[in-house]
Amino acid sequence: MNNSEQKKAADLGLIQEKTSGKLRWIIIAVVLLIIVVGGWLLLQPEDPAAGQIYKTDTVTRTSLAVTVTATGTVEPKDEVEVSSELSGIMDEVYVDYNDQIKKGQALAKLDTTTLEATVFERASSLKSAKANVTQSEADLEEAQLDYQHYQTVYKLSGGKHPSQQTMDSARIAVTKAKASLEVAKANVDMAQADLDTARTDLVKATLVSPIDGIVLSKDVEPGQTIASNYSAPTLFLLARDLKSMELHVDIDEADIAQIKQGQKATVTVDAWGGRQFDAEIAQIRLASTDDDSTSTVVSYETILDVDNEDLALLPGMTAVTDIKVKSAENVLTVSSAALRYTPASETTAEEQPGADKKSGGGMLFFPGPRRDNRKKGMGDFSGSVENKEFTIWVLRNNQPQPVTIKTGMTDGLRSEIAESDLQEGDEIIVDAVQVQK
């Protein structure tokens, strides 16, 4: 390589070295600029109102009702089981399912051949026992006459006749005759009782209705053998009146203190869609129904009277009741969601699981429950809010302003404003979506 070429190569290397140094400083400057600008942006205070879309609800006057809901089974008020006290063969059945019946009406009858024979036999025994009484009375009269005769002879003979032994025998004969008469009379009583029993059994062979009502079930057919040696089998189930039914429900121990006899309720069943039947608490049974020893749930059986004038409800239907335990008319209310809302500026990242304050623009921010409200038990809003204070947020000039209220009753969706400066028509924030810019 000659001197000229060596000089050109040296000049080219110098140029490349100068260019590389300038590029390095440019890159460093850009990185520093990004760091400075990013740090400045991160240190800027957030504007909680910027980019937020508020969802509001209006303070309104309305009626509130607190209800306890329970599920149970519809049953007739008065059910009567008709059974047979006698064993035998069922001879006739006079009624069927759903038949209307009157008190004293015959439902069925056992074969009475044997029973009738028993009545005849015991009537004959009674007749015989009465004849024995007549015979015993005659024997007593005869013994008394003999004894009186011996007494007369004894006096007339100056005690010489008859002998003392004869006198004693006559006296004893009178005593025996009296005893025989008493036995005969007792036998009459026994025979009469046996006859009465036989006649009663003959009457019992015909099963009759003890009430005016309807036949719900029939578990017997002609020719069927009825055995009642150990327990009387139920042959018919009768109901007095289906126009007024009972609903049996179990009320949880957490709600039972709110349930009172006479409270009004409504009842619905799947068969009739949204139709509501009027009901009233008739009885709250004091014994708990925690039959399962492994269960920690304690409940109390509660009976409701349900109006069923058109017979739409049928025995055994599953029904749901809403028992009105508390109500208020024309009260100032706010959406219960407002009690859970807090602006983003009031909520730290620790309070908002999943929130990232350093995220870039376009992130959606969902506010959660305020810490002060959670301290008051509002983490789970299913509890009572009555007589508690909350800070809610009123939207004025598109800015949230805190207002303290004292709440009354709630139905879960709306809560009563018991004490506050709020007016009907005020817009209350219930939720917000923040788009960071």
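Here the sequence shown is numbered in our numbering, starting from 261 and rising by one per residue. Note that the Cβ used here is the ideal one computed from N, Cα and C, for glycine as well.
{"Query": "What did DSSP end up calling glutamine 683 once you bin it into helix, strand or coil?", "Result": "coil"}
{"Query": "As an exercise, report each continuous alpha helix (DSSP H) stretch of at least 4 residues that is fully enclosed by the region 372-439, in chain order.", "Result": "373-416"}
{"Query": "How many Å lie between methionine 669 and glutamine 661 at the Cα?", "Result": "24 angstroms"}
{"Query": "Nearest to aspartate 671 by alpha carbon, out of Glu589, Ser559 and Trp653?", "Result": "Glu589"}
{"Query": "For the beta strand (DSSP E) that contains aspartate 700, what are its first and last residues?", "Result": "An answer regarding residue 700 cannot be provided, because it is not within the stretch 261 to 697 covered by the chain."}
{"Query": "Tell me which same chain residues have a C-beta within less than 8 angstroms of the C-beta of serine 548, skipping the five on either side of it?", "Result": "Glu513, Val558, Ser559 and Tyr560"}
{"Query": "Just to check my reading of the structure: methionine 505 and leucine 573 have Cβ atoms closer than 8 angstroms, yes? What is that Cβ distance to the nearest angstrom?", "Result": "5 angstroms"}
{"Query": "From the DSSP secondary-structure annotation, give me the bridge partner or partners of glutamine 523.", "Result": "None; glutamine 523 has no bridge partner."}
{"Query": "Suppose you measure from the CA of glycine 442 to the CA of alanine 403; what does that come to, to the nearest Å?", "Result": "For the sequence presented, residue 442 should be read as glutamate rather than glycine. Approximately 15 angstroms, taken between the alpha carbons."}
{"Query": "Residues in its own chain within less than 6 angstroms of lysine 636 by CB, not counting five upstream and five downstream?", "Result": "Because the pLDDT of lysine 636 is 34, which lies under 50, any placement of that residue in the model is unreliable, and the number read from its coordinates should be weighed accordingly. So the qualifying residues of the chain are Lys648."}
{"Query": "In angstroms with no decimal places, state the Cα-to-Cα distance between isoleucine 295 and glutamine 312.", "Result": "28 angstroms"}
{"Query": "Out of Gly483, Thr562 and Ile286, state which residue places its alpha-carbon closest to the alpha-carbon of alanine 539.", "Result": "Thr562"}
{"Query": "Which word fits glutamate 345, buried or exposed, when buried means at least 16 other C-beta atoms lie within 10 angstroms of its C-beta?", "Result": "exposed"}
{"Query": "Give the straight-line distance between the Cα atoms of glycine 685 and glutamate 335, rounded to the nearest whole angstrom.", "Result": "48 angstroms"}
{"Query": "Helix, strand or coil, according to DSSP, for lysine 445 in the structure here?", "Result": "helix"}
{"Query": "In or out: glutamate 401 buried (at least 16 other Cβ within 10 Å) or exposed?", "Result": "exposed"}
{"Query": "When we look at the beta-carbon of serine 396 and count the other beta-carbons within 10 Å, is it buried (16 or more) or exposed?", "Result": "buried"}
{"Query": "With a threshold of 6 angstroms on Cβ separation, who are the neighbours of alanine 366 within its own chain once the five nearest residues in sequence on each side are excluded?", "Result": "Tyr354, Thr466 and Val468"}
{"Query": "Go through its chain and collect everything with a Cβ distance to threonine 651's Cβ below 6 angstroms, but skip five positions before and after it.", "Result": "Pro662 and Thr664"}
{"Query": "Within the continuous beta strand (DSSP E) that includes alanine 547, where are the two ends?", "Result": "537-548"}
{"Query": "Taking glycine 364 as part of the beta strand (DSSP E), name the residues at either end of that continuous run.", "Result": "Careful: glycine 364 lies outside any beta strand (DSSP E) and carries neither H nor E."}
{"Query": "How long is the line joining the alpha carbons of proline 603 and aspartate 530, rounded to whole angstroms?", "Result": "43 angstroms"}
{"Query": "Considering only residues of the same chain and omitting the five flanking positions on each side of alanine 437, which have a CB-CB separation below 6 angstroms?", "Result": "Asp399, Leu400 and Ala403"}
{"Query": "Applying the 10 Å Cβ sphere with the 16-neighbour rule, what's the burial state of glycine 348?", "Result": "buried"}
{"Query": "Who are arginine 674's beta bridge partners in DSSP?", "Result": "Ser595"}
{"Query": "Are the CB atoms of isoleucine 688 and threonine 322 within a distance shorter than 9 angstroms?", "Result": "no"}
{"Query": "Among Phe496, Ala597, Val693 and Ile432, which has the Cα closest to the Cα of valine 340?", "Result": "Phe496"}
{"Query": "Spatial neighbours of valine 413 within its chain, please: C-beta separation below 8 angstroms, excluding the five flanking residues on both sides.", "Result": "His421 and Pro422"}
{"Query": "To which residues does DSSP link aspartate 567 through a beta bridge?", "Result": "Ser504"}
{"Query": "Is it the case that the Cβ atoms of leucine 386 and alanine 439 are separated by a distance below 9 angstroms?", "Result": "no"}
{"Query": "For the putative contact between valine 527 and alanine 487, defined by C-beta atoms under 8 angstroms, what is the C-beta separation to the nearest angstrom?", "Result": "About 41 angstroms separates the two Cβ atoms, so there is no contact after all."}
{"Query": "Please classify threonine 460 as buried or exposed, where buried requires at least 16 neighbouring CB atoms within 10 angstroms.", "Result": "exposed"}
{"Query": "Under the three-state reduction of DSSP, which class applies to valine 663: helix, strand or coil?", "Result": "strand"}
{"Query": "Closer than 6 angstroms by C-beta to serine 477: which residues in its own chain qualify, once you throw out the five before and the five after it? Chain order, please.", "Result": "Leu497"}
{"Query": "How about aspartate 515 and valine 328: are their beta carbons less than 9 angstroms apart?", "Result": "yes"}
{"Query": "Give the secondary structure of isoleucine 471 by DSSP, where H, G and I count as helix, E and B as strand, and everything else as coil.", "Result": "coil"}
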